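Enquirer: First residue of the sequence shown? That's 1 in the UniProt record's numbering, and the numbers climb one at a time after it.
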Amino acid sequence: MYSFVALGLAALTTASPLPTYADAFKLQVQVTDLTKDFTPPIHNKYIVGVHIGAGMDMVTPALHDEASTFHTNGTDTDIWAARGTIVTGFGRYAQSWHTVRSPDDANLSSAILQYGPGTEGVRVIFERGDLMLGPGQYMVCDRKLPYGLSVEMSTGSVPEACITVTLLPVCAELGADPEQNEDKEQTVSRTRCKKN
């Protein structure tokens with residue numbers, strides 16, 4: 001009898017927690033192979049945008065504790081049909097997640113934050129038991145850019161200057177933004193995320 005109770009308690013402690021949802025999330029870099037992490041390490045750092053041009057930020061791991069706060073933009077129908085987008089901010093300051101294909105390699109795309117509609121279908125997914133930004137294989141690359149390390153996506157092999165990562169959505173508060181009430185172009189959808 002006691003063994004059944006002990007077994008039952010053990011099963012409860014190892015069971016997956018209930019999924020959590022939030023209006024906003026931060027993206028945390030999870031290095032797939034910690035032996036290949038950069039120096040200084042980027043594992044568990046958050047994603048930020050670094051200004052590189054008019055209305056455009058390069059997506060990069062933060063150097064310190066800063067983080068961009070994202071939300072999923074789209075109705076339930078949009079999300080179900082993979083037409084939703086990932087956005088940071090509201091109104092005229094909103095920047096959407098874009099994947100821009102490399103002119104040199106059709107298998108590579110850079111991730112940028114830019115004004116205007118984002119790349120449809122970029123969303124939080126639950127795949128192979130992991131919660132992550134998807135679809136696709138993300139990586140962080142040292143392209144010797146003055147802005148820092150770049151977040152990119154590959155449909156082929158991972159280049160030598162890059163390491164594979166997953167971008168883990170961590171639940172966050174959607175801060176008060178006066179532009180949110182004025183922004184008729186965005187619909188904030190609750191997103192599955194890891195409880196912080």
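The C-beta atom is built at its ideal place from N, Cα and C for all residues, glycine as well. Please read these numbers as outputs of a predicted model, since none were measured by experiment.
Contact check, Cys162 vs Glu152 under 8 Å by CB: the rounded distance?
Expert: Stepping through the sequence shown from its first residue, residue 162 is reached at position 162. Stepping through the sequence shown from its first residue, residue 152 is reached at position 152. That pair is a contact at about 7 Å.
Enquirer: Given Lys36, which residues of its chain have a CB within under 6 Å of its CB, disregarding the five upstream and five downstream residues?
Expert: Within the sequence shown, the letter at position 36 stands for residue 36. Excluding five sequence positions before and after Lys36, the CB atoms of its chain that fall closer than 6 Å to its own CB belong to Ile163, given in chain order.
Enquirer: Is Arg190 helix, strand or coil when you go by DSSP?
Expert: In the sequence shown, the residue the question calls residue 190 occupies position 190. Of the three classes helix, strand and coil, the one that applies to Arg190 here is coil, per DSSP.
Enquirer: Pull the bridge partners of Leu145 from the DSSP assignment, please.
Expert: Position 145 of the sequence shown, counted from the first residue, corresponds to residue 145. Beta-bridge pairing links Leu145 to Gly148.
Enquirer: Sort Gly89, Leu34, Pro169 and Ala62 by Cα distance to Asn73 and report the nearest one.
Expert: As a working note, residue 73 is residue 73 in the sequence shown. With distances taken between Cα atoms, Asn73 lies closest to Gly89.
Enquirer: Beta-carbon within less than 6 Å of Ala94's beta-carbon, same chain only, minus the 5 sequence neighbours each way: which residues are those?
Expert: Here residue 94 refers to the residue found at position 94 of the sequence shown. Only Val87 meet the Cβ criterion.
Enquirer: Spatial neighbours of Gly175 within its chain, please: C-beta separation below 6 Å, excluding the five flanking residues on both sides.
Expert: As a working mapping, residue 175 is identified with position 175 in the sequence shown. Same-chain partners within the cutoff: there are none.
Enquirer: Whole angstroms are fine: how far does the CA of Ile47 sit from the CA of Met58?
Expert: Within the sequence shown, numbered from 1, the residue matching residue 58 stands at position 58. Within the sequence shown, numbered from 1, the residue matching residue 47 stands at position 47. About 10 Å.
Enquirer: The alpha helix (DSSP H) with Thr60 in it runs from where to where?
Expert: Here residue 60 refers to the residue found at position 60 when the sequence shown is read from its first residue. No alpha helix (DSSP H) holds Thr60; the beta strand (DSSP E) holding it covers Met56 to Pro61.
Enquirer: Using a threshold of 8 Å, state whether the C-beta atoms of Trp97 and Ala111 are closer than that.
Expert: Locating residue 97 in the sequence shown gives position 97, counting from the first residue. Locating residue 111 in the sequence shown gives position 111, counting from the first residue. Contact: yes.
Enquirer: What are the uninterrupted segments assigned as beta strand (DSSP E) that are 3 or more residues long and contained completely in the segment 49-128, given in chain order?
Expert: 56-61, 71-73, 85-88, 95-101, 108-114 and 123-127
Enquirer: Is Leu174 helix, strand or coil when you go by DSSP?
Expert: Residue 174 sits at position 174 when you count from the first residue of the sequence shown. Of the three classes helix, strand and coil, the one that applies to Leu174 here is coil, per DSSP.
Enquirer: Cβ of Tyr115 less than 8 Å from any chain C Cβ?
Expert: This model lacks chain C altogether, as it is built from one protein chain only.
Enquirer: Does the distance from the CB of Val122 to the CB of Leu131 come in under 8 Å?
Expert: Locating residue 122 in the sequence shown gives position 122, counting from the first residue. Locating residue 131 in the sequence shown gives position 131, counting from the first residue. Their beta carbons are not under 8 Å apart, which means Val122 does not touch Leu131 by this criterion.
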